[in-house]
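Here's the structure, in structure tokens; my notes come after.
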Amino acid sequence: MSTSRIDDTVLAGDWWMKLIRKDEYLCITDLEGNQAADTLFYNARDFADRYSAADTIAAQQSLYLAEGSTLVSSGGNAMLKITGDTCGRHDTIGGACSRESNTMRYGLHTEPMHACRDIFLAGLHAWGEGLGKRDITCNINFFMNVPVTPEGELNFADGISGPGRFVELKAEMDVVCLISNCPQLNNPCNAYNPTPVRVQVGSTMNGVADV
Amino acid sequence: MSQEPIYEVNCPAGGMWSKVISRGKVLRITDVEGGLNLSALFYNADDRTERYNMPDTLKGQQIFFLTHPFCLHTDMGRIIASMVTDTCGWHETVCGTTTAEMIQEKYGEKTYQDARNDFYRNGQDGFMTELSKWGLGRRDVVPNVNFFSKVVAADEGELTYMPGNSVAGDYVELRFEMNTLVVLVSTQHPLDPGESYAPKPFSLSVFVPDPADADGDACRNSKPENQWAFTNTDDYNRLRFSTA
Chain G
32 MSTSRIDDTV LAGDWWMKLI RKDEYLCITD LEGNQAADTL FYNARDFADR
82 YSAADTIAAQ QSLYLAEGST LVSSGGNAML KITGDTCGRH DTIGGACSRE
132 SNTMRYGLHT EPMHACRDIF LAGLHAWGEG LGKRDITCNI NFFMNVPVTP
182 EGELNFADGI SGPGRFVELK AEMDVVCLIS NCPQLNNPCN AYNPTPVRVQ
232 VGSTMNGVAD V
Chain H
766 MSQEPIYEVN CPAGGMWSKV ISRGKVLRIT DVEGGLNLSA LFYNADDRTE
816 RYNMPDTLKG QQIFFLTHPF CLHTDMGRII ASMVTDTCGW HETVCGTTTA
866 EMIQEKYGEK TYQDARNDFY RNGQDGFMTE LSKWGLGRRD VVPNVNFFSK
916 VVAADEGELT YMPGNSVAGD YVELRFEMNT LVVLVSTQHP LDPGESYAPK
966 PFSLSVFVPD PADADGDACR NSKPENQWAF TNTDDYNRLR FSTA
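Quick look at the structure:
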């Protein structure tokens, strides 16, 4: 993206929170493969209007995000549209890890481990404006694969992403994007080896992340 | 529940209801006519930033729907409610609730001026009305449970609404594991393909179960993840309250 206004590398376990203006493109690249980028979006003019997994799923009558998906806010607004995707499927229902949910999923001894919802909190606190825990809702997991069977079973499968796979979104309104680059070490969502992602924001779509 | 209820109420089609129910009590929700969809949110009444959490509930139990003996998890690694009885078999977890725009687009408009109390309502406005009475608002809305509805996912994630999941008299019983603010709204499921506005009535009963016939272990022991979450819940209640 030669015209990138922003070109950042977000290390595993870090947060990234920035404004994306209407009509700008956001491109997230899984630099080394099998990484999960836990992502929330807020209406930049009204943070209580935010990406809503349920409204997005109901609107597209489908669970996974892919090229052509529109991310819908809790207030019914189209926030961003996925305009490019070389991964093929992104999760909407797996949520983020937390120290508390780690104890429930992996045992009480995992409580001290670094986790996405603590990372979200750090980003929200740094942003200010009174943001905090209430603003952490059900996030997107870019590059993560959580298949659901017709019988209603849910599994965390090995990632379908790979090095250099990217997802590109066009903002339909001014949005603030918050990413936690997942530090989870207890499940295969990031191949037990959390790695960096690249985040670019620019005014032109080029459909390729120049890795 | 074989005991007499301590509380009973019948709620009309399209109705909304919210109350705090203390830990240990059991709420029975009954689909009076069949075909009910009841959208529901749950909050820890003592610390309302802790709330029912769809992703933790699903991934903790490797499920996409709720039935007995599964549990509803909060975002704090704890159990807020155990589904101790379910005659229906599937309660939907990811599709959210109806909005004013959705109701108008699917069913048209009927105002209070047109129809008095038969005006067209929607789930989102019902949630906001009830939440506001407990000091909560838009920041507190998360993906809700849709009791009595069934939606299945195909291989590529396409969702299909399954009609006829619940018949007249079906009921579900929730035992609360912490003091819980319960918020309920009767509204059609967002994916219900029916062409007419037709929410359904529901009835509620609350019981104080006799500890001697508690069915707690079935839910607690249904998954290792639930056992760990119950340990967290026991710790929370033991530290917070004078009686565990």
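Residue numbers (my numbering), protein chains in the order written: chain G, 32 to 242; chain H, 766 to 1009. Virtual Cβ for every residue (Gly too), placed ideally from N, Cα, C. Computed from a predicted structure; not experimentally measured.
Under 9 Å between beta-carbons, which chain G residues line up against Asn986 of chain H? List them in chain order, please.
Within 9 Å Cβ-Cβ: nothing; Asn986 of chain H doesn't reach chain G, min ~15 Å.
With a cut-off of 9 Å, does the C-beta of Ala109 of chain G fall near any C-beta of chain A?
Annotation note: the requested chain A is absent from the structure, which comprises protein chains G and H.
Taking Cβ positions only, does Ile771 of chain H come closer than 9 Å to chain G?
no
In the DSSP assignment, the alpha helix (DSSP H) including Cys813 of chain H goes from what residue to what residue?
It is Arg, not Cys, that sits at residue 813 of chain H in the sequence shown. Neither: Arg813 of chain H is in no alpha helix (DSSP H) and is coded neither H nor E.
By the three-class DSSP mapping on this structure, what secondary structure does Ile88 of chain G have?
helix
I'd like to check one pair, Leu209 of chain G with Leu139 of chain G: are the Cβ atoms closer than 9 Å?
no
Are Glu942 of chain H and Arg816 of chain H closer than 9 Å when you measure CB to CB?
no
Between Ala240 of chain G and Ile150 of chain G, what straight-line distance do the alpha-carbon atoms span, to the nearest angstrom?
The pLDDT assigned to Ala240 of chain G is 49, lower than 50, so where the model puts this residue is not dependable, and the model offers no usable value.
So, helix, strand or coil for Met848 of chain H, using DSSP?
Under the three-state reduction of DSSP, Met848 of chain H is assigned to strand.
Taking Met236 of chain G as the reference, which of G:Ile37, G:Trp46, G:Thr114, G:Gly195 has the closest Cα?
G:Thr114
What does a CB cutoff of less than 6 Å around Pro834 of chain H pick up in its chain, not counting 5 residues either side in sequence?
Closer than 6 Å at the Cβ level, and outside the excluded window around Pro834 of chain H, lie Ala983, Cys984, Ser987.
Counting along the chain, where does the alpha helix (DSSP H) carrying Glu131 of chain G start and finish?
130 to 137
Would you mind telling me which residues of chain G sit closer than 9 Å to Met819 of chain H, beta carbon to beta carbon, in chain order?
Ala84, Ala85, Ile124, Gly126, Cys169
Any Cβ of chain H within less than 9 Å of the Cβ of Asp189 of chain G?
no
Give a yes or no on whether the minimum CB-CB distance between Asp811 of chain H and chain G is below 9 Å.
No, no contact with chain G.
Does Ala240 of chain G come out as helix, strand or coil in the three-state DSSP assignment?
Confidence is the limiting factor: at Ala240 of chain G the pLDDT is only 49, short of 50, which leaves the residue's position unreliable and the question unanswerable from this model.
Rounding to the nearest angstrom, what Cα-Cα distance links Asn74 of chain G and Pro976 of chain H in this structure?
48 Å
Just to make sure I have the definition right: I need the residues of chain H whose C-beta is within less than 7 Å of the C-beta of Ala75 of chain G. Which are they?
Neighbours of Ala75 of chain G on chain H: none; closest Cβ ~16 Å, over 7 Å.
Excluding five sequence neighbours on each side, which residues of the same chain lie with their C-beta closer than 6 Å to the C-beta of Ser787 of chain H?
Asn944
I'd like to know whether the C-beta of Ile88 of chain G is nearer than 9 Å to at least one C-beta of chain H.
yes
Going by DSSP, what residues sit across from Val948 of chain H in a beta bridge?
H:Ser783, H:Leu806
Do Leu949 of chain H and Met841 of chain H have their CB atoms nearer than 9 Å?
In this structure, Leu949 of chain H lies away from Met841 of chain H, with their beta-carbon atoms at least 9 Å apart.
Mind reading off the beta-carbon distance from Pro227 of chain G to Asn212 of chain G? Whole number of angstroms is fine, and I expect it under 8 Å.
Their Cβ separation, rounded to whole angstroms, is 7 Å, which keeps Pro227 of chain G and Asn212 of chain G in contact under 8 Å.
Going by Cα to Cα distance, which pick from H:Tyr877, H:Val971, H:Tyr1001, H:Phe1006 is closest to Thr839 of chain H?
H:Tyr1001
Measure the Cβ-Cβ separation of Cys853 of chain H and Tyr936 of chain H and say whether it is below 9 Å.
The Cβ atoms of Cys853 of chain H and Tyr936 of chain H sit closer than 9 Å to each other.
Using DSSP's beta-bridge definition, name the partner residues of His121 of chain G.
G:Leu96
To be precise: take each residue of the segment 205 to 227 of chain G, compare its Cβ to all Cβ atoms of chain H, and keep it if any distance is under 8 Å. Which residues remain?
Correct list: empty, as no residue qualifies.
Using the beta-carbon of each residue, which ones in chain H are nearer than 8 Å to Arg196 of chain G?
Per Cβ cutoff of 8 Å: no residues; Arg196 of chain G is ~18 Å from chain H at best.
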